[in-house]
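Enquirer: Residue numbers (the UniProt record's numbering): 1 to 347.
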Amino acid sequence: MGAGASAEEKHSRELEKKLKEDAEKDARTVKLLLLGAGESGKSTIVKQMKIIHQDGYSLEECLEFIAIIYGNTLQSILAIVRAMTTLNIQYGDSARQDDARKLMHMADTIEEGTMPKEMSDIIQRLWKDSGIQACFDRASEYQLNDSAGYYLSDLERLVTPGYVPTEQDVLRSRVKTTGIIETQFSFKDLNFRMFDVGGQRSERKKWIHCFEGVTCIIFIAALSAYDMVLVEDDEVNRMHESLHLFNSICNHKYFATTSIVLFLNKKDLFQEKVTKVHLSICFPDYDGPNTYEDAGNYIKVQFLELNMRRDVKEIYSHMTCATDTQNVKFVFDAMPEFMYVPCSETL
């Protein structure tokens, strides 16, 4: 009987030790939730965590992106070709009209994710056409991937035999996030669990399952979306949708004690766009200079003023470019460590 009791005691001690270890591990575990409207750059931030805090992408993993990159490139040129008709833009060279017809036919018949030489030749000819370029300049009037120009202007490299996608090629690739994707990594002696959830409206109802025990929310908004409409509703401005979503999250009872960081993303695209399209297209009250600094600061204020608890809860904001590894690394390094504990412990 004594032996039995000592065995039970031993088991109990082991269990206590295990529970203590689990509790210590939990205390060092930071649960990060990435939120934001569709196509704001959440998944690109996740890819950067793999590059910065894990071992990056292996050769095999990079090769798996080829089909996605070819698919993105094809869908981009098809979107531009369709918009040529919608926007009533003429091709610079009438021969490109035949190329466009051939491309539409080939797109229906080729194996998904492949890029036969005949197709890449057609795409390259189309991309050089002055009409296509004029249509590309009006991309905010239809749905077009942000990576369109990046891939289309470098297609010759992408179709070279033996092509291996670079980190930048991988970062620019786009696959719509459905459901919830978890990434784990270590940083500043803490274990991070980062959750990326689909941003389109149909995906948002799945977020509720991620709410419990969240340490910090990173909300991502695309600065460059101020003159664009939603994929799922072409009557709604993307920036307005992002502000509406941020309002509902930063003032939600679930997140009363949760640290919130705002990433105003795609600053590179915004810097280019703001010289051509006035911010008043999105914010009619804005009458300031259409510069990167002034317009960017105005957008930041629109978000931060939605925080109804700003007297007790500060929301940190950063201008980011999710495809720039050094920028993302700098921003994460700059985030104060108290962001990783609930606000109630820091107030």
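Glycine included, each C-beta is placed from N, C-alpha and C at the ideal position.
Tell me the DSSP secondary structure of Val164 in three-state form.
Expert: Locating residue 164 in the sequence shown gives position 164, counting from the first residue. Reduced to three states, the DSSP call for Val164 is coil.
Enquirer: Are Val81 and Met104 touching if we call contact CB-CB under 9 Å?
Expert: The residue given as residue 81 occupies position 81 in the sequence shown. The residue given as residue 104 occupies position 104 in the sequence shown. Yes, the Cβ-Cβ distance between Val81 and Met104 is below 9 Å.
Enquirer: I'd like to confirm the pairing. Which residues does DSSP put opposite Asp233 in its beta bridges?
Expert: Your numbering for residue 233 matches position 233 in the sequence shown. According to DSSP, Asp233 bridges with nothing at all.
Enquirer: Determine which residues share a DSSP beta bridge with Met194 and list them.
Expert: Locating residue 194 in the sequence shown gives position 194, where the first residue counts as 1. Looking at the DSSP assignment, Met194 forms a beta bridge with Leu32, Thr183.
Enquirer: Tell me Leu264's beta-bridge partners as DSSP assigns them.
Expert: Sequence index remark: in the sequence shown, residue 264 carries index 264 (1-based). Leu264 pairs with Ala221, Met319.
Enquirer: Buried or exposed for Pro165, going by 16 or more other Cβ atoms inside 10 Å?
Expert: If you number the sequence shown from 1, residue 165 lands on position 165. It is buried - the Cβ of Pro165 has at least 16 other Cβ atoms within 10 Å.
Enquirer: Report the rounded CA-to-CA distance for His252 versus Phe263, giving the unit in angstroms.
Expert: For the purposes of this step, residue 252 is taken as residue 252 along the sequence shown, with counting starting at 1. For the purposes of this step, residue 263 is taken as residue 263 along the sequence shown, with counting starting at 1. If you take the alpha carbons of His252 and Phe263, they lie about 19 Å apart.
Enquirer: Would you report the Cα separation of Ser344 and Thr257, rounded to the nearest angstrom?
Expert: Locating residue 344 in the sequence shown gives position 344, counting from the first residue. Locating residue 257 in the sequence shown gives position 257, counting from the first residue. Note that Ser344 scores 43 on pLDDT, short of 50, meaning its location in the model is unreliable; the coordinates nonetheless yield the value given after this. Whole-angstrom Cα-Cα distance: 5 Å.
Enquirer: So, are the CB atoms of Tyr70 and Thr114 less than 9 Å apart?
Expert: The residue you call residue 70 lines up with position 70 of the sequence shown. The residue you call residue 114 lines up with position 114 of the sequence shown. Cβ atoms of Tyr70 and Thr114: closer than 9 Å.
Enquirer: Can you grab the Cα-Cα spacing for the pair Glu241 / Ala67, in whole Å?
Expert: Taking the first residue of the sequence shown as position 1, residue 241 is located at position 241. Taking the first residue of the sequence shown as position 1, residue 67 is located at position 67. Roughly 31 Å separates the two Cα atoms.
Enquirer: Check whether the stretch 85 to 100 and the stretch 220 to 229 touch, using three or more Cβ-Cβ pairs below 8 Å as the test.
Expert: Verdict: no, contact absent.
Enquirer: Under 9 Å between the Cβ atoms of Leu230 and Leu35?
Expert: On the sequence shown, residue 230 is found 230 positions in, with the first residue counted as 1. On the sequence shown, residue 35 is found 35 positions in, with the first residue counted as 1. No, Cβ-Cβ distance for Leu230 and Leu35 is not below 9 Å.
Enquirer: Taking the alpha helix (DSSP H) that Ser153 falls in, what are its first and last residues?
Expert: Working through the sequence shown from its first residue, we reach residue 153 at position 153. Ser153 -> no alpha helix (DSSP H), and no H or E assigned at all.
Enquirer: Any contact between the stretch 300 to 314 and the stretch 160 to 176? By contact I mean 3 or more CB pairs, one from each, below 8 Å.
Expert: no
Enquirer: Report, in whole angstroms, the separation of the C-beta atoms of His278 and Phe187, which I expect to be a contact under 8 Å.
Expert: Here residue 278 corresponds to residue number 278 of the sequence shown, with the count starting at 1. Here residue 187 corresponds to residue number 187 of the sequence shown, with the count starting at 1. Contact annotation, His278 with Phe187: C-beta distance approximately 40 Å; criterion of less than 8 Å not satisfied.
Enquirer: Please report the residue range of the alpha helix (DSSP H) in which Lys47 lies.
Expert: For the purposes of this step, residue 47 is taken as the residue at position 47 of the sequence shown. Segment 42 to 53, the alpha helix (DSSP H) holding Lys47.
Enquirer: Evaluate the contact criterion for the stretch 272 to 292 versus the stretch 43 to 62: three or more CB pairs, one atom per stretch, below 8 Å.
Expert: no
Enquirer: Which whole-angstrom value describes the C-beta separation of Val214 and Leu78, a residue pair presumed to lie in contact below a C-beta threshold of 8 Å?
Expert: On the sequence shown, residue 214 is found 214 positions in, with the first residue counted as 1. On the sequence shown, residue 78 is found 78 positions in, with the first residue counted as 1. That pair is no contact at about 39 Å.
Enquirer: Note the first and the last residue of the continuous alpha helix (DSSP H) segment covering Lys329.
Expert: As a first step, residue 329 is located in the sequence shown; it is residue number 329 there, counting from the start. Per DSSP, Lys329 belongs to the alpha helix (DSSP H) from 325 to 334.
Enquirer: Only counting the same chain, and skipping five residues up and downstream in sequence, which positions put a Cβ closer than 6 Å to that of Pro284?
Expert: Here residue 284 is taken as the residue at index 284 of the sequence shown, counted from 1. So the list is empty, once near-sequence residues are dropped.
Enquirer: Straight-line CA distance for Ser147 to Leu190?
Expert: Counting from 1 along the sequence shown, the entry for residue 147 is found at position 147. Counting from 1 along the sequence shown, the entry for residue 190 is found at position 190. Each residue's alpha carbon lies about 33 Å from the other.
Enquirer: Which residues does DSSP pair with Cys216 in a beta bridge?
Expert: Here residue 216 refers to the residue found at position 216 when the sequence shown is read from its first residue. Paired residue(s): Leu32, Ser259.
Enquirer: Using only the alpha-carbon positions, how far apart do Gly149 and Cys250 sit?
Expert: As a first step, residue 149 must be located in the sequence shown, where it is residue number 149. As a first step, residue 250 must be located in the sequence shown, where it is residue number 250. When rounded, the distance between both Cα atoms is 34 Å.
Enquirer: Jot down the residue ranges of each uninterrupted alpha helix (DSSP H) in the stretch 97 to 130, minimum 4 residues, whole runs only, in chain order.
Expert: 117 to 128
Enquirer: When you compare the CB of Glu232 with every CB in chain C, is at least one pair closer than 9 Å?
Expert: Chain labels in this structure do not include chain C; a single protein chain is all it has.
Enquirer: Does the stretch 170 to 185 come close enough to the stretch 124 to 134 to have 3 or more Cβ pairs within less than 8 Å?
Expert: no
Enquirer: Taking DSSP as the reference, what is the three-state secondary structure of Asp146?
Expert: The residue given as residue 146 occupies position 146 in the sequence shown. Looking at Asp146 - three-state DSSP - the assignment turns out to be coil, as it is neither helix nor strand.
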